[in-house]
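Enquirer: The structure that follows is given in the form of structure tokens.
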Amino acid sequence: MPRTAIFNWRSGDTRVILVGPAWRSIPGILHHNHLSKRGLFVTFQVGDKVIYPNHGLGVVERIEDKTILGTTCGFYHLRIVANDTTVLVPLTNADSVGLRRAIGDEEVERLFGELGNGKIDNHQHWKGRFKDNSDKMRSGSIYEVADVLKSLTFLSRSKSLSFREKRMLDRAKFLIVSEISEVVREPSTTIESRVERALERCFSAKARASARAKTAKATAAARLAPKRQAVRAS
104 MPRTAIFNWR SGDTRVILVG PAWRSIPGIL HHNHLSKRGL FVTFQVGDKV
154 IYPNHGLGVV ERIEDKTILG TTCGFYHLRI VANDTTVLVP LTNADSVGLR
204 RAIGDEEVER LFGELGNGKI DNHQHWKGRF KDNSDKMRSG SIYEVADVLK
254 SLTFLSRSKS LSFREKRMLD RAKFLIVSEI SEVVREPSTT IESRVERALE
304 RCFSAKARAS ARAKTAKATA AARLAPKRQA VRAS
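Numbering (the working numbering), first residue to last: 104 to 337.
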């Protein structure tokens, strides 16, 4: 996701975000279908439930053309469910900012599988870890957010997180729980319990894998010991 914001304007509870210079190069009024950076047409309709990275679930309430700084383009009016604010995203930037549809029922099961698979990214260096996790949070992918949730929850069990990482952990859990809750139409408390159980499975699987690795290493060392002694004796 591009880091340079051309324009970021707020009035009341409405926020306009234009990311990157691409929108300026498209003359006139943009249509509601546009070509994404991956060569695919990204389209949303009024009433669609979409995910806005780092903010969570939003609803497309309107699609209209607006003129800002002398340039006319089409905008999605998104109402962010969590705080009831409105975010305006240019149609041509929807892909750049990571706007996507909410996951489906099948993806919910896949997500719980990912949460409990025992695979955890571990960066020992704080700076590298924070940068990687920040990039994942901005990606728009719920699976990347799940990686952040797993790694920071796991880390929090062995050391105190910094304020920024604690806030990121809370945000990651909120984003996952709120999206799943909306998709399966179950209370967030129920989903949070399922997420926590999946994380417990993940950490248990990782502990078993670590124990097996240690046992295998010790066994290999024991097998090599007589050979080393024989070499020394000779």
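Each residue gets a CB set at the ideal place from its N, CA and C atoms; glycine is no exception.
1) Which one of 168, 179, 149, 216 has the shortest CA to CA distance from residue 200?
2) Out of 252, 219, 220, 221, state which residue places its alpha-carbon closest to the alpha-carbon of residue 235.
3) Do the region 261-272 and the region 284-303 meet, that is, are 3 or more Cβ pairs less than 8 Å apart?
4) Measuring straight from C-alpha to C-alpha, what distance separates residue 318 and residue 284?
5) Just the C-alpha distance for residue 195 and residue 170, rounded to the nearest angstrom, thanks.
6) Would you say residue 159 and residue 190 are within 8 Å of each other, going by their C-beta atoms?
7) Drop a sphere of 10 angstroms on the beta-carbon of residue 207, count the other beta-carbons inside from all chains shown, and report buried for 16 or more, exposed for fewer.
8) Let's see if you can read the secondary structure: which residues bound the beta strand (DSSP E) around residue 178?
9) Look at residue 305 and residue 245 and say whether their C-beta atoms are less than 8 Å apart.
10) Mapping DSSP to helix, strand and coil, what is residue 224?
11) Take the Cβ of residue 273 as the centre, count every other Cβ of all protein chains shown within 10 Å, and call the residue buried at 16 or more, exposed below.
12) Which word fits residue 150, buried or exposed, when buried means at least 16 other C-beta atoms lie within 10 angstroms of its C-beta?
13) In three-state DSSP terms, what is residue 146?
14) Mind checking who residue 278 pairs with in its DSSP beta bridge?
15) Assuming residue 211 is part of the beta strand (DSSP E), what are its boundary residues?
16) Can you list the alpha helix (DSSP H) stretches of 4 or more residues lying completely in the region 275-330, in chain order?
17) Given a threshold of 16 other Cβ atoms within 10 Å of its Cβ, counted over all protein chains shown, does residue 261 qualify as buried or as exposed?
18) Please name the residue, chosen from 174, 155, 214, 321, that lies closest to residue 181 on a Cα-to-Cα basis.
19) Tell me the DSSP secondary structure of residue 161 in three-state form.
Expert: Taking the definition as stated:
1) Comparing Cα positions, the closest option is 179.
2) Among 252, 219, 220, 221, the Cα nearest to that of residue 235 is on 252.
3) Touching, no, given that fewer than three Cβ pairs across the two stretches are closer than 8 Å.
4) One C-alpha to the other measures close to 41 Å.
5) Spanning the alpha carbons of residue 195 and residue 170 requires a straight line of approximately 14 Å.
6) It is not a contact, given that the beta carbons lie outside the stated cut-off.
7) The residue is exposed, with fewer than 16 neighbouring Cβ atoms inside 10 Å.
8) Per DSSP, residue 178 belongs to the beta strand (DSSP E) from 174-183.
9) No, they are not a contact pair.
10) Reduced to three states, the DSSP call for residue 224 is coil.
11) When all chains shown are included, residue 273 counts as exposed.
12) The residue is exposed, with fewer than 16 neighbouring Cβ atoms inside 10 Å.
13) Residue state, collapsed to three classes: coil.
14) In the DSSP output, where bridge partners are listed per residue, residue 278 has none listed.
15) Where residue 211 is concerned, there is no enclosing beta strand (DSSP E), although the alpha helix (DSSP H) it sits in stretches over 208-218.
16) For the region 275-330, not a single whole alpha helix (DSSP H) run of length 4 or above is found.
17) Residue burial is scored here from C-beta neighbours: residue 261 has fewer than 16 other C-beta atoms within 10 angstroms and is therefore classed as exposed.
18) Nearest to residue 181 by alpha-carbon distance, out of 174, 155, 214, 321, is 155.
19) Three-state result, residue 161: strand.
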